[in-house]
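Colleague: Pasting a structure below so you can have a look.
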Amino acid sequence: MAVYVDLSKWQQADVADRCHYMPCIIKYSGETNAEKYFETTIQEDDDKKELTASFRGRPLNGKILTPPQGYESMIVKEKKVPLSEEEDRQFSIVARVPQFTYWNLDKPTTDEDKLAKALVFTEIARELHQREEVEENDECKNDGNCSTD
């Protein structure tokens, strides 16, 4: 199975002013009044830059994240649910997201959280790739035998 995201309407996509990544499955796909029922519970701790909130009576700890330089985040919607796991999945862009808040259930956010690690990995991968390109260019300069493949 492959996953495809239609990026043809990237520039025309709305920019979301808020996006929350929640540690739960919500079996509802309609509109909601998050401003009234969720965002009013959010409090910021100035010292730690940690957010706290409550969702359905459960305590949440959150942190605002921005994608690493060169990356952008987006909200996508599946065009049609596949009939089998082998079938390719097609998504379209709903909105671009310059930053988002991720939430942990009943524990503080840390650099050890999976999402935080994933964002760090993209930076490490970029650094490794750039060093590899520099080393290849240095080898070309030294021996003059370079391929353009």
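With UniProt numbering, you'll find the sequence shown wraps up at 149, consecutive numbering, no jumps.
Even glycine gets a Cβ: it sits at the ideal position worked out from N, Cα and C.
Take Met22 as the anchor and find which of Asp106, Lys9, Met1 has the nearest alpha-carbon.
Modeller: Checking every option, the nearest Cα to that of Met22 belongs to Asp106.
Colleague: For Gln43, which of helix, strand or coil comes out of DSSP?
Modeller: Three-state DSSP puts Gln43 in a strand.
Colleague: Please name the residue or residues paired with Phe100 in a DSSP beta bridge.
Modeller: Paired residues: Leu65.
Colleague: Suppose the cutoff is 6 Å on Cβ atoms and the five residues either side in sequence are ignored; what does the same chain contact list for Gly57 look like?
Modeller: Excluding sequence neighbours, Gly57 sits near nothing in its chain.
Colleague: For Ile93 versus Val3, is the C-beta spacing smaller than 8 Å?
Modeller: Contact flag unset, no.
Colleague: Please classify Ala53 as buried or exposed, where buried requires at least 16 neighbouring CB atoms within 10 angstroms.
Modeller: When all chains shown are included, Ala53 counts as buried.
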